[in-house]
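**Student:**
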Amino acid sequence: MNFKLKHRLWLLLGLLAYSCTSSKTTPPPPLPAPTAAQSAPLPLVDTSLRGEPFQNITLETSLKPFKQNDEAYIRRVAAEMFTQWSALLRHADTISVMLWTSDGSEILDYNGSLEQPLEWAKYIGNPNTEHEVGVGPKELSLHERAYLYMENPPNFTYQDLKFIVQTLKETGEALTGKPIRIGATFDPGPEFAKSDFKYKKHPEILEGSAMGHKSFVFSYATLKADQDSYAGFPNGIPDNTPFGTFFGRQSQHFLKDLEFDYIWFSNGFGFGMEPWASTGTIFTGEGFNEENLTDTKDKIINFWTLFREECPDFRIETRGTNLATGIDLAKDGVDLKAIYEGGYNILPPPNSPWAALDGDFGLEMVGYMSRIAQLPDNRYIFRYYTHDPWWLNSPWLDRYGREPHDIYLPMSVAMINQQGEIKLPTHLNFLTIDDSFGNMPTQVPNEVTPHILKARYDSPTAPGPLVWVYPFEEYHSWAYNEQDRLAEIYYGDWFIRQAINNGFPLNTIISTKYFGSALQHKPDMFDASVLVTIVPEAGSDFEKSLIDYVKNGGKVMVYGPADHASPAFAALMNLQNTSALEGEFTLADSYSKDRLTKAAPAVIQHAALFSGGGLKTQIRELKDPNTKVKVKMTQGKNTRDVLWVRAQPDWKGGKIVYVRGTNSSHYEGGRLLKPNDPEKYAVGPAYLRHALQEFGLEYIVDKYDPAVKSPVLSISRSNNGYFLSGYVPNTSVKHRFKFPQGAPVLNGYDTELQNGYATYFFPTAWNREARVFVEQNEGIVSCKEMHSGELGISRRLQISGLQNATVRVYPDEQITDDGIHFYVNATYPWKKGKIPAQKGEKEFGKSYVVKNVTGNLVVSW
């Protein structure tokens, strides 16, 4: 037997022995050294594992599952953790367990003795209020007081925590055969455990109002003198010690002494003062304190530098804020570019878990994409919210209702790097594997794992139909060099957030910096895509690349103010700027094809503060036959052109659409900008989706009235197929689709074709493959999977209900011209009815077309 396998089996037997005997069991003597024969590798078993593996999968957990401070019990719990997720863990190179031990105060309080008692997160609710745990009026909420999660929870010391860390490493490696990392956590808030350090001894480090007045530690705080002994400061804390210095030194001692491998900064720590709010040190809700920008940036970067001086080598992983790159920069001075480029050995923040709480998937997607547009390297995290161990909810079971929309939507996201390569998340985190009572119901991994794996199998391998070219460099440059553009920076991400929440299918991203380089490596990579971007920086390399791209057949949608457009780009768009207007405007158009039982309002509110300035844009050359104005906004005698399309005959099929963009949001306190009342005002960001019709890509929704929430949609491309996923907050909505290549017939679905549109009703969460597109005016068409039944055939689809139809099929990427077969009105054994197919048009990618088909069509490859 292979020695490594034999050693692993020995460890497994040891685990079983521990589960049946006392914690004092003496382990068996070590195995003898292997012989050469024993070391020979075993032949690999063909497991047919699909999809790109993750570099790391992290199981996040509190200490609550360890309900007994008993070594044998701890080992059994550890074994259960890895066993529950084993079907997924085999797809990882490395496995991590991130311990939500306390609230991070276990690091701040550590005095260097492993016998020190450990204050840990044994509560449900907030233990840092004026009410003692478990007492007070019954009507108090969990945010106003806390309960113990069980009667007589165990007591732990730092030595016990070290044993848990060691046990997780040993058990995980024995069960999975993979390297195991253990992570510590730091949270700036009051949520998880009692913290005398934050709320009694050192309240001077508190600012922000995320959970009450001065409730969060801000990273660039300064500590007052403290005579107590700490691991990194045995003689006490000197007055005016930077928090970054103290926290870094304490972390170094804590992580090293307890044998942790990395640390996680939670809830926006290190990324600004207000991690959950649309206001901060710069944006007040009424304007921008631009004079604070440089000082705030310096303080944030100084924290990272000070921390790294004291804790130089342990990996930092981060939660980030609930917002997005441009928003964080403009409202709180968070210079993500400087953090990424500072050499701090961090992983970028993942998607926020807040969409589970408020259904704001647009903000989740915008935050996720904007933070990965330009990475320190190609690594980034997707994080999924299965349980909450503190606030008595388990999102998979309750908030999501066991629907996987928050899996398929963010897992359809992909970034494109400088080489034009599609890059997927390298790390996968689960918050958390235990619930508020310390239980680990097997139902959750059993139900979640198949969706995670399918989303990974079908992850993008090519740019989607829409590619967001994100101004990562520009935003950071403007913030410090052109501060009159802060409103424009703030507006951009909010506008796209609301566009996505109104059905704009955006899930591929590349930065403006990478765009030109990616095109040089792969000149045709965006041929089947529409680029979505801002008016480019005047004279920039990106502007030159974008103008050349349009003139050579590229399709581009530009959004946002054009106040700083160069003469060359203004000429390309046939644009001029006039005086700025804001307030209420009338819309005199029927450009939207959405059907509403109760009509949408014809009035729109444009607030300059939230929309990157007032409306200035107009067509310059009114007689230009190549410019078509689609939407105007009128205020009294004044009119502004806010949506138009332009395509010159010599552009080789290139086209540019300009959408000035109204944010249709306002600030009235609270955390986020609030969308305007859709029954009173038209929704400006929805015009991005409406404008897709100019490129032949139409997604139309039919709903009762404007107040019914629109669906969220993603369209990705994998292995030459299209994959559509969605979140439908109101399942009464009817969906209509038409692509340039026809109506998508989703695999496993039936669709009623109406005027050439495929129509569907979807559940709350849905995810379907589309490899078949049909041009047919009316009728019910279906696409169903069939069995192979023939050597050499891996896939067979049946398309039925065709009436003199043109059918376009996208086979797997590797299929050659002689490897795809079409049969009309034929059955097994496929000896009759075979018809020839033509190659599809180049602009539609790799496809095959048959025409004038009536009845059933079977395609196989």
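Each residue of the sequence shown is one higher than the one before, counting from 169 in the working numbering. The beta carbon of each residue, even a glycine, is placed where N, CA and C say it ideally should be.
Hey, which unbroken runs of the beta strand (DSSP E) at 3 residues or more fall wholly within the region 284–358?
**Tutor:** Counting whole runs of 3 or more residues, the region 284–358 contains the beta strand (DSSP E) stretches 291–293, 314–316, 348–354.
**Student:** DSSP three-state label for alanine 185, please.
**Tutor:** As a position in the sequence shown, residue 185 is number 17, starting the count at 1. Only weak support exists for where alanine 185 lies, its pLDDT of 44 falling under 50; the value from the coordinates is given anyway. In this structure, alanine 185 counts as helix in the three-state DSSP scheme.
**Student:** With a threshold of 8 Å, are at least 3 pairs of Cβ atoms found where one atom belongs to the region 979–989 and the other to the region 943–952?
**Tutor:** Because the criterion of three Cβ pairs below 8 Å is not met, the region 979–989 and the region 943–952 do not touch.
**Student:** So, with DSSP's three-state summary, where would you put valine 534?
**Tutor:** In the sequence shown, the residue the question calls residue 534 occupies position 366. Looking at valine 534 - three-state DSSP - the assignment turns out to be helix.
**Student:** Secondary structure at lysine 499, three-state DSSP: helix, strand or coil?
**Tutor:** For the purposes of this step, residue 499 is taken as the residue at position 331 of the sequence shown. Lysine 499 falls in the helix class under three-state DSSP.
**Student:** Assuming glycine 357 contacts phenylalanine 384 under a Cβ cut-off of 8 Å, what Cβ separation, rounded to an integer in Å, is found between them?
**Tutor:** Within the sequence shown, numbered from 1, the residue matching residue 357 stands at position 189. Within the sequence shown, numbered from 1, the residue matching residue 384 stands at position 216. Confirmed, Cβ separation roughly 5 Å.
**Student:** Just to confirm before moving on: does the CB-CB distance between glutamine 586 and alanine 686 stay below 8 Å?
**Tutor:** Walking along the sequence shown from the start, residue 586 turns up at place 418. Walking along the sequence shown from the start, residue 686 turns up at place 518. Yes, Cβ-Cβ distance for glutamine 586 and alanine 686 is below 8 Å.
**Student:** Rounded to a whole number of angstroms, what is the C-alpha to C-alpha distance between serine 216 and leucine 592?
**Tutor:** Numbered from its first residue, the sequence shown carries residue 216 at position 48. Numbered from its first residue, the sequence shown carries residue 592 at position 424. So the alpha carbons of these two residues sit roughly 20 Å apart.
**Student:** Around the Cβ of glutamine 909, are there at least 16 other Cβ atoms within 10 angstroms (buried) or fewer (exposed)?
**Tutor:** By 1-based counting over the sequence shown, the position of residue 909 is 741. Classification of glutamine 909: buried, given that the 10 Å Cβ count is 16 or more.
**Student:** Excluding the 5 residues preceding and the 5 following tyrosine 826 in the sequence, name in chain order all residues of the same chain whose CB lies nearer than 6 Å to its CB.
**Tutor:** Position 658 of the sequence shown holds residue 826. Same-chain partners within the cutoff: Val726, Met741, Trp812.
**Student:** Glutamate 752 and valine 771 look like a contact to me (Cβ under 8 Å); what is the Cβ gap, rounded to whole Å?
**Tutor:** Within the sequence shown, the letter at position 584 stands for residue 752. Within the sequence shown, the letter at position 603 stands for residue 771. Yes, glutamate 752 and valine 771 are in contact; Cβ-Cβ is about 6 Å, under 8 Å.
**Student:** Go through its chain and collect everything with a Cβ distance to proline 410's Cβ below 7 Å, but skip five positions before and after it.
**Tutor:** Looking up residue 410 in the sequence shown gives position 242. These residues qualify, in order along the chain: Thr390, Leu474.
**Student:** Could you give the first and the last residue of the continuous beta strand (DSSP E) run that contains asparagine 918?
**Tutor:** Position 750 of the sequence shown holds residue 918. Correcting the residue type first, residue 918 is aspartate in the shown sequence and not asparagine. Here the beta strand (DSSP E) through aspartate 918 covers 918–922.
**Student:** Can you check whether the CB of aspartate 355 is closer than 8 Å to the CB of asparagine 237?
**Tutor:** Start at 1 with the first residue of the sequence shown, and residue 237 comes out as number 69. Start at 1 with the first residue of the sequence shown, and residue 355 comes out as number 187. For asparagine 237 and aspartate 355, no; Cβs fall outside 8 Å.
**Student:** How is the beta strand (DSSP E) around histidine 421 delimited, first residue to last?
**Tutor:** For this step, residue 421 is matched to residue 253 along the sequence shown. Where histidine 421 is concerned, there is no enclosing beta strand (DSSP E), although the alpha helix (DSSP H) it sits in stretches over 411–425.
**Student:** Shortest alpha-carbon distance to phenylalanine 605 belongs to which of Glu711, Ala314, Asp526?
**Tutor:** Taking the first residue of the sequence shown as position 1, residue 605 is located at position 437. The candidate whose alpha carbon is nearest that of phenylalanine 605 is Ala314.
**Student:** Going by the C-beta, is glycine 501 closer than 7 Å to any heavy atom of the ligand NAD?
**Tutor:** Looking at this structure, you won't find the ligand NAD or any other ligand, since it has none at all.
**Student:** Pick out whichever of Trp564, Leu515, Ile702 has its Cα sitting closest to the Cα of proline 609.
**Tutor:** As a working mapping, residue 609 is identified with position 441 in the sequence shown. For the residues Trp564, Leu515, Ile702, the minimum Cα distance to proline 609 belongs to Trp564.
**Student:** Identify which residue in Thr629, Ile961, Ser397 has its Cα closest to the Cα of arginine 885.
**Tutor:** Stepping through the sequence shown from its first residue, residue 885 is reached at position 717. The shortest C-alpha separation from arginine 885 is found at Thr629.
**Student:** Looking only at its chain, what residues have a beta carbon closer than 7 Å to the beta carbon of asparagine 794, apart from the 5 residues adjacent to it on each side?
**Tutor:** To locate residue 794, count along the sequence shown from 1; it is residue 626. Within the same chain, asparagine 794 has close Cβ partners Arg814, Ala815, Gln816.
**Student:** Quick check on this structure: which residue in Lys690, Val534, Pro521 has the alpha carbon closest to the alpha carbon of proline 1039?
**Tutor:** The requested residue 1039 does not occur in the structure, where the chain is confined to residues 169 to 1029.
**Student:** Excluding the 5 residues preceding and the 5 following leucine 577 in the sequence, name in chain order all residues of the same chain whose CB lies nearer than 7 Å to its CB.
**Tutor:** Along the sequence shown, read from residue 1 onward, the residue named residue 577 stands at position 409. Excluding sequence neighbours, leucine 577 sits near Phe529, Met533, Val880, Ser882, Ser893, Tyr895.
**Student:** Would you kindly check if the distance between the Cβ of serine 968 and the Cβ of serine 950 is under 8 Å?
**Tutor:** Looking up residue 950 in the sequence shown gives position 782. Looking up residue 968 in the sequence shown gives position 800. In contact: serine 950 and serine 968 (Cβ atoms closer than 8 Å).
**Student:** What is the C-beta distance between alanine 776 and alanine 748, in whole angstroms, given that I count them as a contact (C-beta under 8 Å)?
**Tutor:** The residue you call residue 776 lines up with position 608 of the sequence shown. The residue you call residue 748 lines up with position 580 of the sequence shown. Indeed, because the Cβ distance is near 7 Å, the residues count as touching under 8 Å.
**Student:** Would you mind working out which of Lys723, Glu750, Val869, Lys906 sits nearest asparagine 923, comparing C-alpha positions?
**Tutor:** Position 755 of the sequence shown, counting from 1, holds the residue named residue 923. That would be Lys906, whose Cα lies nearest to the Cα of asparagine 923.
**Student:** Looking at C-beta atoms only, is the number of pairs between the region 305–319 and the region 402–420 that lie closer than 8 Å three or more?
**Tutor:** Contact between the region 305–319 and the region 402–420 is absent, because fewer than three Cβ pairs lie under 8 Å.
**Student:** Do leucine 310 and asparagine 294 have their C-beta atoms within less than 8 Å of each other?
**Tutor:** The residue labelled residue 310 in the question sits at position 142 within the sequence shown. The residue labelled residue 294 in the question sits at position 126 within the sequence shown. Yes, Cβ-Cβ distance for leucine 310 and asparagine 294 is below 8 Å.
**Student:** Kindly list the residues whose CB is nearer than 7 Å to the CB of glycine 852, restricted to its own chain and excluding five residues on each side of it in sequence; keep chain order.
**Tutor:** Residue numbering aside, residue 852 sits at position 684 when the sequence shown is read from its first letter. Closer than 7 Å at the Cβ level, and outside the excluded window around glycine 852, lie Ile772, Gly829, Thr830, Asn831, Ser832.
**Student:** In whole angstroms, what is the alpha-carbon distance linking phenylalanine 891 and histidine 858?
**Tutor:** What you label residue 891 is simply residue 723 of the sequence shown in a count that begins at 1. What you label residue 858 is simply residue 690 of the sequence shown in a count that begins at 1. When rounded, the distance between both Cα atoms is 21 Å.
**Student:** Output the distance between the C-alpha atoms of isoleucine 824 and threonine 927, rounded to the nearest integer angstrom.
**Tutor:** Residue mapping note: residue 824 aligns to position 656 of the sequence shown, counting from 1. Residue mapping note: residue 927 aligns to position 759 of the sequence shown, counting from 1. So the alpha carbons of these two residues sit roughly 28 Å apart.
**Student:** Ordered along the chain, which non-local residues of its own chain (more than five positions away) have a Cβ less than 7 Å from that of valine 333?
**Tutor:** Here residue 333 refers to the residue found at position 165 when the sequence shown is read from its first residue. The residues are Ile350, Leu426, Glu427, Phe428.
**Student:** Please state whether DSSP places phenylalanine 222 in a helix, a strand or coil.
**Tutor:** As a position in the sequence shown, residue 222 is number 54, starting the count at 1. It is a strand residue.
**Student:** Is the region 332–347 in contact with the region 284–292, if contact means three or more CB pairs nearer than 8 Å?
**Tutor:** Flag = no, the region 332–347 and the region 284–292 do not touch.
**Student:** Go to asparagine 649, then tell me how far its alpha helix (DSSP H) extends in each direction, as first and last residue.
**Tutor:** Within the sequence shown, numbered from 1, the residue matching residue 649 stands at position 481. Taken as a continuous stretch (DSSP letters only), the alpha helix (DSSP H) holding asparagine 649 covers 640–649.
**Student:** Can you name, in chain order, every residue of its own chain whose Cβ lies under 6 Å from the Cβ of tyrosine 1002, other than the five neighbours on each side?
**Tutor:** Taking the sequence shown and counting its residues from 1, one reaches residue 1002 at position 834. Checking the displayed sequence, the identity of residue 1002 turns out to be lysine instead of tyrosine. Cβ neighbours of lysine 1002 beyond the five flanking positions: Tyr991.
**Student:** Go to threonine 927, then tell me how far its beta strand (DSSP E) extends in each direction, as first and last residue.
**Tutor:** One-based indexing of the sequence shown puts residue 927 at position 759. Residues 925–928.
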